[in-house]
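Residues in the sequence shown are numbered from 43 upward in steps of one, following our numbering. Report on the structure given below.
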Amino acid sequence: MVEELEQVRGVLAECGEAPLWSCSDPEVVDGLTQAWACVQQALAIMAHLIREAETRGIPQKEAASSTPVWLRQRLRTSMWEGKRLAKLAAAFDHSPALDAAVTKGEISAEQACVIAESITDLPADAGIDTRTQAESLLINYAADFAPGTLGKLGARILAHVDPEAADRHDEEALRKQDERAHRGRGFTLSPRGDGRVRLSGWLDTTAAAIVNAALDPLCHPGRDATVEAGLARTPEQRRADALVDVCTRVMRGGELPASGGEAAQVVVTIPIDTLRTEPGEASPVAVLDTGAPVSAAEARLLACDAQIIPSVLGTEGQVLDVGRARRLFTASIRRALVLRDRGCTFPSCDRPANWSDGHHVKPWADGGPTALSNACLLCRHHHRVIHRTDWQVRIASDGHPEFIPPADVDPQRRPLRNTFHRRE
43 MVEELEQVRG VLAECGEAPL WSCSDPEVVD GLTQAWACVQ QALAIMAHLI
93 REAETRGIPQ KEAASSTPVW LRQRLRTSMW EGKRLAKLAA AFDHSPALDA
143 AVTKGEISAE QACVIAESIT DLPADAGIDT RTQAESLLIN YAADFAPGTL
193 GKLGARILAH VDPEAADRHD EEALRKQDER AHRGRGFTLS PRGDGRVRLS
243 GWLDTTAAAI VNAALDPLCH PGRDATVEAG LARTPEQRRA DALVDVCTRV
293 MRGGELPASG GEAAQVVVTI PIDTLRTEPG EASPVAVLDT GAPVSAAEAR
343 LLACDAQIIP SVLGTEGQVL DVGRARRLFT ASIRRALVLR DRGCTFPSCD
393 RPANWSDGHH VKPWADGGPT ALSNACLLCR HHHRVIHRTD WQVRIASDGH
443 PEFIPPADVD PQRRPLRNTF HRRE
């Protein structure tokens, strides 16, 4: 297979370099259609390979917490793309018909996932013949309908193939729809690396109504009535500002539970001289606890309305090395770990600091001190990996953690580092 794929890549490279100016309009449209089919066929091959990797346990061997995380580590995909590919692989595993349709380029991978969800939502007592007929009908519909419309058709497909059963199971279908919406809820914040963070996610209908009710008073167009036309916010900007306002009000109220042993807070690492510098003067850039840089002006704004957390390691009055006196990490040491590691230090893990535990590199029971020089942050999954597998961690000469993989992952056992939170 690898040799054939290399040949296909060569042909695609030639197509990509072909001049399009000489093509007629019909040729451009036909080429677009063929290219789209090629993309879907390539995704089908990806799904087959992912399923085979899962069957062999390759993601677990490489200490990935899930298949999407492994794909991000191996292919540098986004988590969203990794989840989509894993979902497609699962759909193919349950439906040879969907597998064949995408592999031939007849339907898209997204349409296949929609159809798979629709078949899953059929009543438990729907027979094999009913499911097969419903799936076949939806695959035919895919030639004419986009995924959104196809999903709506899938919600009522039972009425087409078995009207009497549909009447009996309307209530169950609605219940399954609600369960799927609740199960599929999620929310992500994805830094783009250009000062922007992409928000994306899903809510069920009731949850979305609650969020809208909370945001609506803060993002009503009337709030911009006195603003100059050139500075008026778009509806999207008003909703974004309203979300931040809601979170700010909750944090000020002190109603949030503790995170990592401390109250919810925004930590800014910034030299004191920067806060004293007049706006406009050159000054160092501040850094948030997420590792993202912010301007000195933005840091001053936060300083006006937030508790400033000391972030200079080893400052007077802050004990960073308690030696053998205590087994558990103090708040000062944990704060230092957060500032140094910024999150789970295992290679390619994106878990943030507040989801991570302090780990003794040399176990405390074996004489390891409770000190910054003998500690790193690990999420719960990778904490278990270090304690239960042949992965090893050590503190390198520059004071940062690095990990040695088992021989079955890398025969040369070359040290690896997490570059997700901190670039070298």
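Glycine included, C-beta positions come from ideal geometry on N, C-alpha and C. Please read these numbers as outputs of a predicted model, since none were measured by experiment.
Near the ligand PLP: residue i beta-carbon under 8 Å from a heavy atom
| i | result |
| --- | --- |
| W78 | Ligands in the displayed structure: none, and consequently the ligand PLP is not present. |
C-beta atoms of residue i and residue j nearer than 9 Å
| i | j | result |
| --- | --- | --- |
| V288 | L245 | no |
| A89 | D163 | no |
| A143 | W433 | no |
| I375 | A438 | no |
| H423 | C391 | yes |
| S232 | S107 | no |
| T387 | V451 | no |
| G385 | F462 | yes |
| A168 | L192 | no |
| L419 | S398 | yes |
| A184 | E206 | no |
Residue i burial status per 10 Å Cβ neighbour count (16 or more: buried)
| i | result |
| --- | --- |
| P138 | exposed |
| S160 | buried |
| F134 | buried |
| I170 | exposed |
| C65 | exposed |
| C57 | exposed |
| D383 | buried |
| R51 | exposed |
| P101 | buried |
| E177 | buried |
| R393 | buried |
| T279 | Here residue 279 is Gln; the residue named in the question, Thr, does not match the sequence. Burial call: exposed. |
| A158 | buried |
| K194 | exposed |
Residue i to residue j span [Cα, whole Å]
| i | j | result |
| --- | --- | --- |
| D347 | T290 | Because D347 sits at a pLDDT of 49, beneath the cut-off of 50, its placement in the model cannot be relied upon, and the following sentence gives the value as read from the coordinates. The alpha-carbon atoms of D347 and T290 are separated by roughly 10 Å. |
| A373 | W406 | 18 Å |
| D283 | R430 | 45 Å |
| V70 | C155 | 28 Å |
| L204 | T172 | The amino acid occupying residue 204 in the given sequence is Asp; Leu does not appear at that position. The alpha-carbon atoms of D204 and T172 are separated by roughly 7 Å. |
| A250 | L127 | 27 Å |
| E96 | V111 | 12 Å |
| D220 | T247 | 8 Å |
| A79 | R426 | 43 Å |
N- and C-terminal bounds of the beta strand (DSSP E) containing residue i
| i | result |
| --- | --- |
| V435 | 434–437 |
| E444 | 443–446 |
| D399 | 398–402 |
Run of the alpha helix (DSSP H) containing residue i, from where it starts to where it stops
| i | result |
| --- | --- |
| L179 | 170–183 |
| H424 | 422–430 |
| V111 | 109–117 |
| T145 | 138–145 |
| L192 | 189–197 |
| L381 | 373–383 |
| A79 | 67–98 |
| A255 | 247–257 |
| T162 | 151–162 |
Paired residues, beta bridge with residue i - DSSP
| i | result |
| --- | --- |
| R240 | S232 |
| C418 | H401 |
| P61 | According to DSSP, P61 bridges with nothing at all. |
| L458 | F445 |
| P394 | G385 |
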